[in-house]
Amino acid sequence: MRNQKYLIYLSAALCLGACKDFLDVKPKGKLIPSSVADFDHLLDNTGTVDLNFLDGNKGSLLAELGDNLEMTEGQGKVGFVLSSHPNVERYYAYIFRQPYKNPNLDDQFWSAGSQGIYPQVSYFNNVIEGIRGIGGKTQEEAALARTSTAQALVARAWCYFNANMIYGPVYKPGSPNAAKTIPYVTDVDINKPIPDLSTSADVAARVLRELHAALPDLPTRSTWPSRANKATGHAMLAYYHLFTQKPDSVVHYANLAWAAAGGAANVLYDYNKFRLADPARPLTSLLLSSQDGLVNLVNSREILFYRATDKDAGIGASLSYPSEELLALYDRSTDLRFSLFYLNAPGYKTTLGGGYDDGMRISNYRFRKTKMTDGFSWPEILLMRAEGYARMNKLDLAMADLNTLRQYRHKTGTPDLAMGTQDQVIQWVLEERRRELPIGGFKRFLDLKRFTLDTGKPWSKTRIEHKMGGQVFQATIDSKDFIIPISNVVLKFNPNWGIPFETRPY
Numbered sequence: 001m002r003n004q005k006y007l008i009y010l011s012a013a014l015c016l017g018a019c020k021d022f023l024d025v026k027p028k029g030k031l032i033p034s035s036v037a038d039f040d041h042l043l044d045n046t047g048t049v050d051l052n053f054l055d056g057n058k059g060s061l062l063a064e065l066g067d068n069l070e071m072t073e074g075q076g077k078v079g080f081v082l083s084s085h086p087n088v089e090r091y092y093a094y095i096f097r098q099p100y101k102n103p104n105l106d107d108q109f110w111s112a113g114s115q116g117i118y119p120q121v122s123y124f125n126n127v128i129e130g131i132r133g134i135g136g137k138t139q140e141e142a143a144l145a146r147t148s149t150a151q152a153l154v155a156r157a158w159c160y161f162n163a164n165m166i167y168g169p170v171y172k173p174g175s176p177n178a179a180k181t182i183p184y185v186t187d188v189d190i191n192k193p194i195p196d197l198s199t200s201a202d203v204a205a206r207v208l209r210e211l212h213a214a215l216p217d218l219p220t221r222s223t224w225p226s227r228a229n230k231a232t233g234h235a236m237l238a239y240y241h242l243f244t245q246k247p248d249s250v251v252h253y254a255n256l257a258w259a260a261a262g263g264a265a266n267v268l269y270d271y272n273k274f275r276l277a278d279p280a281r282p283l284t285s286l287l288l289s290s291q292d293g294l295v296n297l298v299n300s301r302e303i304l305f306y307r308a309t310d311k312d313a314g315i316g317a318s319l320s321y322p323s324e325e326l327l328a329l330y331d332r333s334t335d336l337r338f339s340l341f342y343l344n345a346p347g348y349k350t351t352l353g354g355g356y357d358d359g360m361r362i363s364n365y366r367f368r369k370t371k372m373t374d375g376f377s378w379p380e381i382l383l384m385r386a387e388g389y390a391r392m393n394k395l396d397l398a399m400a401d402l403n404t405l406r407q408y409r410h411k412t413g414t415p416d417l418a419m420g421t422q423d424q425v426i427q428w429v430l431e432e433r434r435r436e437l438p439i440g441g442f443k444r445f446l447d448l449k450r451f452t453l454d455t456g457k458p459w460s461k462t463r464i465e466h467k468m469g470g471q472v473f474q475a476t477i478d479s480k481d482f483i484i485p486i487s488n489v490v491l492k493f494n495p496n497w498g499i500p501f502e503t504r505p506y
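Numbering (the UniProt record's numbering), first residue to last: 1 to 506.
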């Protein structure tokens, strides 16, 4: 029973238990994987892309922990607390009030029903192990088996690599990284022993091995951006080496990924060509693009590997705004990302709690007008390469990549950035990364953790400060403030992990 209960919360018994129920009767409309093609189809389930490190309303407290968002007193005290918002943990994260999540409820990042990383991983494990168990494959089936397995390995590695740093401390290259973080579940058999927690070092090492194992069998092109192709594998390796501080490897793999683009014009939208469908209604009007019309879809030319991200971060009605620090990074006269997406709109207003009115505030509507990803976008590939070049002191190459992206984001005729010192170039690249990636989701959260290793540099922070209603709240990045704990729901079925229950009141 303990194994079965553990898997309900850890490795998505929704999928695994269903397979067990299928032994006698095949339910109508259900898929019983029995062939390579059946297992391959599991990779197209929306559960593999929509529910990673997000809460039930497609937001994420990880964004509220960082420095991209700010929250007003009315939004916090009324919008979240007095209104009994189902994701009040976002408010608690913003004021660094621990525990952020209710420790006695399912953790939606981990596994809650069909949501979380372990339900995702269960799909990938079923693909990997299910295909391995099929004998007598035809040549065509064997080829599909290799491709599907490789894509499942990369998808699983993506989940575990990010989870390792969300549920664990700052990864510090050259250190033991001995903190135990997450279980690296790979099996689908509920009768096998439950794995212990892996150390941060063990997870990183295994992710690297599996990425290299998958790389030879990844296809040059994938059927949909939810599935990894060769460029995705290279991008994941470049991303891995950002956190292991090997800039030469970042450049090597980002180069290989970028080569598949066939030129910037193939994978970047020229924002000078964007127009609003209804200019009189800028808040609700979608963008029109003369380039391909796909900017609002997951198969947008800029998305390499699609994973859903926070859909409402920085929209006042959704209880947060872009931070003053983030807004200050934009050149409002030339940067089209600001004029297209950062729009003046009515802020939060309520008569409850004594009444609050934020007035007109700038909100971020980029997610509403374009499709974004917490996986990998082509602009991120270019910026990873630029960061690697800059950290290797190849400043001319870093500036070339940075200015290439700027040509597609700034008004035509905006001059290129001139050369700076190494620290200046690194900072410019990282500021561009911050402007370009989703302001919600988890990527800024993880960047803040890795930047703590750049002690004394202008882009490195040791603490985050939030303000609300005249109060100041602070948290230390390299501490438990920036680690999501495993919930009591999981811990009570795994006493062998030796982690005490969270007993503080929620």
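Note that CB positions come from ideal geometry on N, CA and C, so glycine has one too.
Problem set entry | Same chain, Cβ closer than 7 Å to K273, five either side skipped, listed in chain order | S289, S290, Q291
Exercise. Between F161 and the rest of its own chain, which residues show a CB-CB distance below 6 Å, the 5 nearest in sequence each way excluded?
Worked result: V207
For this session: Could you please give the first and the last residue of the uninterrupted alpha helix (DSSP H) stretch that includes S226?
Result: Element bounds for S226: n/a, residue is neither H nor E.
Problem set entry | According to DSSP, residues forming a beta bridge with P322 | L69
Exercise. How many Å lie between Q474 and P505 at the Cα?
Worked result: 20 Å
Problem set entry | 9 Å Cβ cutoff met for residue 523 and I426 | The shown model of the chain, from 1 to 506, leaves out residue 523, and the question about it has no answer.
For this session: Check whether the Cβ atoms of V154 and D40 lie closer than 9 Å to each other.
Result: no
Problem set entry | Neighbourhood of G498 by C-beta, 6 Å cutoff - its chain only, sequence neighbours within 5 removed | none
For this session: Output the distance between the C-alpha atoms of Y167 and I486, rounded to the nearest integer angstrom.
Result: 7 Å
Exercise. If we ignore side chains and look at the alpha-carbon of each, how far apart do K26 and G133 end up?
Worked result: Here K26 scores only 31 on pLDDT, less than 50, and its place in the model should not be relied on; the value that follows carries that caveat. Near 20 Å, if we compare the C-alpha coordinates of G133 and K26.
Exercise. Out of S479, F442, D423, E431, which has the shortest C-alpha to C-alpha gap to G456?
Worked result: D423
For this session: Determine whether the Cβ of K273 lies closer than 9 Å to any Cβ atom of chain D.
Result: As a matter of chain content, chain D is missing from the structure shown, which is built from one protein chain.
Problem set entry | Assigned secondary structure, N393 (DSSP; H/G/I helix, E/B strand, else coil) | coil
Problem set entry | The beta strand (DSSP E) enclosing P458, as first and last residue numbers | Element bounds for P458: n/a, residue is neither H nor E.
Exercise. Does the region 230 to 240 touch the region 441 to 455, meaning 3 or more C-beta pairs lie closer than 8 Å?
Worked result: no
Problem set entry | Rounded distance between the beta-carbons of P216 and N229, thought under 8 Å | Not confirmed; about 13 Å, so no contact.
Exercise. Would you call the region 66 to 79 and the region 348 to 365 touching, i.e. three or more CB-CB distances under 8 Å?
Worked result: yes
Exercise. From this set, E432, E70, N45, Q139, which residue's C-alpha is nearest Y330's C-alpha?
Worked result: E432
For this session: Using 10 angstroms around the beta-carbon of K28, count the other beta-carbons present and answer buried if the total reaches 16, otherwise exposed.
Result: Below a pLDDT of 50, predicted positions are generally treated as unreliable, and K28, at 34, falls in that range; the measurement from the model is reported next regardless. K28 is exposed by the Cβ-count criterion.
Exercise. Taking all protein chains shown into account, do 16 or more other C-beta atoms lie within 10 angstroms of the C-beta of W318, making it buried, or fewer, making it exposed?
Worked result: Position check: residue 318 holds Ser in this sequence, whereas Trp was assumed. Label assigned to S318: buried.
Exercise. Is it right to say E64 is buried, meaning 16 or more other beta carbons lie within 10 angstroms of its own, or is it exposed?
Worked result: buried
Problem set entry | Contact set for residue 508: own chain, Cβ-Cβ below 6 Å, skip 5 residues either direction | Because the chain is modelled from 1 through 506, residue 508 falls outside the range shown and cannot be assessed.
For this session: For the alpha helix (DSSP H) holding Y118, just list the boundary residues, first then last.
Result: 117 to 132
Exercise. Taking the alpha helix (DSSP H) that Q427 falls in, what are its first and last residues?
Worked result: 422 to 436
Exercise. What did DSSP end up calling R281 once you bin it into helix, strand or coil?
Worked result: coil
Problem set entry | Neighbourhood of L242 by C-beta distance below 6 Å, restricted to the same chain and skipping five residues each side | V250
Exercise. Under three-state DSSP, which class holds E302?
Worked result: coil
For this session: Could you please give the first and the last residue of the uninterrupted beta strand (DSSP E) stretch that includes K180?
Result: 180 to 182
Exercise. So, using beta-carbon positions, are Y365 and L69 closer together than 9 Å?
Worked result: no
Problem set entry | Candidates G59, E302, H252: closest to M392 by CA position | H252
Exercise. Is the region 400 to 419 touching the region 463 to 472, taking contact as three or more C-beta pairs under 8 Å?
Worked result: no
For this session: Give every residue of the same chain whose Cβ lies closer than 8 Å to the Cβ of R406, excluding the five residues on either side of it in the sequence, and list them in chain order.
Result: T414, D416, L417, E432
Exercise. Identify the residues that DSSP records as bridge partners of R463: which are they?
Worked result: T476
Problem set entry | Proximity winner among E325, L430, P86, relative to E380 (alpha-carbon distances) | L430
Problem set entry | Cβ neighbours of residue 535 in the same chain (closer than 6 Å, five flanking residues each side left out) | This structure does not reach residue 535, given that the chain is present from 1 up to 506, and the question cannot be answered.
For this session: Report yes if the C-beta distance between A398 and Y408 is below 9 Å; otherwise report no.
Result: no
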